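Data block below; observations after.
Here it is in structure tokens:
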């Protein structure tokens, strides 16, 4: 390359998957110091392309990928439906010029009355947008390219009655090979700020406030299919400048800040991607405790972690309508959060928030739950026990252990859960609280590898009847005497039951109160040392109740006195009763229902273990290039499942037990892993879900799943830098760049850089007075 322009360095870019061996030759020759401009010539800039995909070009910055430069095809953009953010149309002094007869011309949409005009005035003095698509287009997936030049004509206009805040933008891309003729629809948004007060986006032109332009959604709802693969066109962002000067940057924003009273130009960059939509939702806090009748506040956070955004996103929360939300469009990588609440909560509940996003007409959903625990004792409970029916006879025999970690639920006749599901403890027990009277089913959540034997059958449920009574009882033996008894606390193990007795002002002294106990609880079941002193187990003549009686000869204060009943075994909670005695020598009595221990026996659910459930696992090998001579060993769980395989090698489909397995690869014959860049990806073929396994190679195979994991190895490349000197230099030649600093001999020489991964590499030769670059060549010997 003779008479190269003066540039600061040499560029080398690996645009595709394969890095080839490349030789860069630099030739320098002495030049007279008395150059025409008396300036020292700078070193030339070499641009080296190592692409796999056609029509790729070198990047313009150290960290950028190759940017597509097409030689054929066409891109055009058309404007429609300018409107306010309330949907009002037409906008003030609207003018749309899509110049359909000239595909390569700029298309414009204008609005606003120019200052000083009695009407809409000349269209060129109105504000608006322009787009001039590039007159060439290619199809190269995952490769950024310039879509066209965007202009914001930010003119001096009267504040519009109907401003243009949204406008639809249709991009038509035509590519001859592979044939593509597609229109992708977007909506652009303009945040036109007032020129007084603070400027949220800064001020480029004097004290006037900048505006902001962006796409409502960087992903369109349209897709195309090439060779059986689906693609869409993602907008990456804006780079200020014109098409002939824009340089791609990984750090480009997806918005454009524009100066007031200026013509603001920017390149729009885009890329073809295989869409992998994903939506996520988090409802926090996961668990919160509130007082009865209080409100529960939640934070809902919705995000789009996939590589495309959604046309619309909505949140539905059936038990908390305040959390229902229409979010609208959501860009890829974006997050939206808001706060909502459930009011007047009287009982525990677990609610579910469901986020739904629409991409290309398909709904994608995610859900998260949150629990609200009302700080009050449960008033109706069931004790469930999950056990290992080791002999499979459908009943619990001596020595058969409980099963921990099983989920049990109380369900109504529609199959809906009543209260929270609970997980069994180390002894297989769970306390469930429907907190309502009725006939229900106690059900287990089936686990793979187990068969229910008690009660048996597919439902794994048993009927259960639950009684209930309020936690607070109020007594009126006379219209002037008022007393209360309240269940205020229960221990988690259901052994400690605490009640508070109240005596309201002006009431006669409370002489005693009785907590009724069922027939299954006698004195042997009461832990005397842990029960509040002064108790006796009686059949009270005045109230007619059999139970624990506490004498209170001095009465109790209005704020109440707490009494604890300690039991030696857990009991379910249901409909009990309490009674009060007052009045001294002329006693008065009253009884009322109140929640207390009941004799409901624990509900047993038994299971026997099946043969271990299985799935399938296959490990494959892909080499780039396909004819590479490398040989590899493919391992499953530490054993070589396929040895010395090349491209398209496989372990074959293997049946494996459900659980965690480890995949790995090793070097086969005459192969060094250091000569390759390696990556792994797994796909569950029945669902289509895919993921990248961790560095430890651990993956989980569930029952019935068919998992295929592929190791892809790319042969690393070599760059050789050769320096040829015409003339006599007195010192070594210095080079820098992302290959590191190095020198070549004064008389010339070469440096080999081996095992380079695909990517972009720069070699920068330090300028030297009296020397200029006479020639630069790049060659691929292979």
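In the working numbering, the protein residues as written are 34 to 815.
Every residue gets a Cβ at the ideal spot worked out from N, C-alpha and C, and that includes glycine.
Bear in mind the structure is a predicted one, so any value in this text is a computation, not a measurement.
Outcome for residue i when other beta-carbon atoms lying within 10 angstroms are tallied against a minimum of 16
i, result
"residue 252", "buried"
"residue 239", "exposed"
"residue 424", "exposed"
"residue 79", "Interpretation of residue 79 is limited by its pLDDT of 28, a score under 50 that renders its predicted location unreliable; the figure taken from the coordinates is listed afterwards. Classification for residue 79: buried."
"residue 121", "exposed"
"residue 553", "exposed"
"residue 388", "buried"
"residue 297", "buried"
"residue 322", "exposed"
"residue 376", "exposed"
"residue 254", "buried"
"residue 84", "The predicted model places residue 84 with a pLDDT of 25, which falls under 50 and marks its position as unreliable; any figure quoted below should be read in that light. Buried."
"residue 761", "exposed"
"residue 496", "exposed"
"residue 813", "exposed"
"residue 493", "buried"
"residue 731", "exposed"
"residue 457", "buried"
"residue 176", "buried"
"residue 371", "exposed"
Reference residue i; option with closest CA among the options
i, options, result
"residue 112", "292, 131, 459", "131"
"residue 408", "426, 332, 327", "327"
"residue 650", "394, 266, 718", "718"
"residue 449", "474, 468, 434, 523", "474"
"residue 602", "579, 633, 620", "633"
"residue 437", "410, 420, 444, 430", "420"
"residue 597", "336, 793, 531", "531"
"residue 325", "295, 139, 309, 405", "405"
"residue 340", "304, 314, 115, 374", "304"
"residue 378", "153, 330, 168", "330"
"residue 479", "701, 489, 138, 410", "489"
"residue 679", "809, 619, 652", "652"
"residue 802", "763, 811, 795, 793", "763"
"residue 505", "610, 241, 527", "610"
"residue 274", "607, 289, 491", "289"
"residue 499", "617, 249, 413, 637", "413"
Whole-number beta carbon distance between residue j and residue i, since they are thought to touch under 8 Å
i, j, result
"residue 748", "residue 657", "7 Å"
"residue 630", "residue 600", "7 Å"
"residue 547", "residue 612", "5 Å"
"residue 187", "residue 148", "Between residue 148 and residue 187 the Cβ distance is about 13 Å, and since that is not below 8 Å, they are no contact."
"residue 185", "residue 162", "6 Å"
"residue 411", "residue 466", "4 Å"
C-alpha gap between residue i and residue j, whole angstroms
i, j, result
"residue 486", "residue 641", "7 Å"
"residue 804", "residue 280", "30 Å"
"residue 541", "residue 508", "12 Å"
"residue 141", "residue 246", "15 Å"
"residue 557", "residue 579", "15 Å"
"residue 566", "residue 381", "33 Å"
"residue 145", "residue 199", "14 Å"
"residue 561", "residue 584", "16 Å"
"residue 648", "residue 720", "13 Å"
"residue 16", "residue 335", "Residue 16 is absent from the model: the chain starts at 34 and stops at 815."
"residue 715", "residue 743", "6 Å"
"residue 591", "residue 536", "5 Å"
"residue 96", "residue 797", "Bear in mind that the predicted position of residue 96 carries a pLDDT of just 38, short of 50, making it unreliable; the figure below should be weighed with that in mind. Computed Cα separation, rounded: 15 Å."
"residue 70", "residue 799", "For residue 70, the predicted model reports a pLDDT of 25, less than 50, meaning its position is unreliable and no value from the coordinates is stated."
"residue 166", "residue 221", "16 Å"
"residue 528", "residue 463", "14 Å"
Per DSSP, the bridge partner or partners of residue i
i, result
"residue 837", "Any answer about residue 837 is impossible in this case: the structure gives the chain only from 34 up to 815."
"residue 738", "DSSP, once it has assigned bridges, lists no residue as partnering residue 738."
"residue 483", "642"
"residue 296", "186"
"residue 266", "305"
"residue 112", "202"
"residue 827", "Here the chain comprises residues numbered 34 to 815, so residue 827 is not present and cannot be evaluated."
"residue 508", "516"
"residue 472", "498"
"residue 696", "669"
"residue 257", "264"
"residue 317", "332"
Chain C within 9 Å of residue i, Cβ atoms only
i, result
"residue 343", "No chain C appears in the structure shown, which is made up of a single protein chain."
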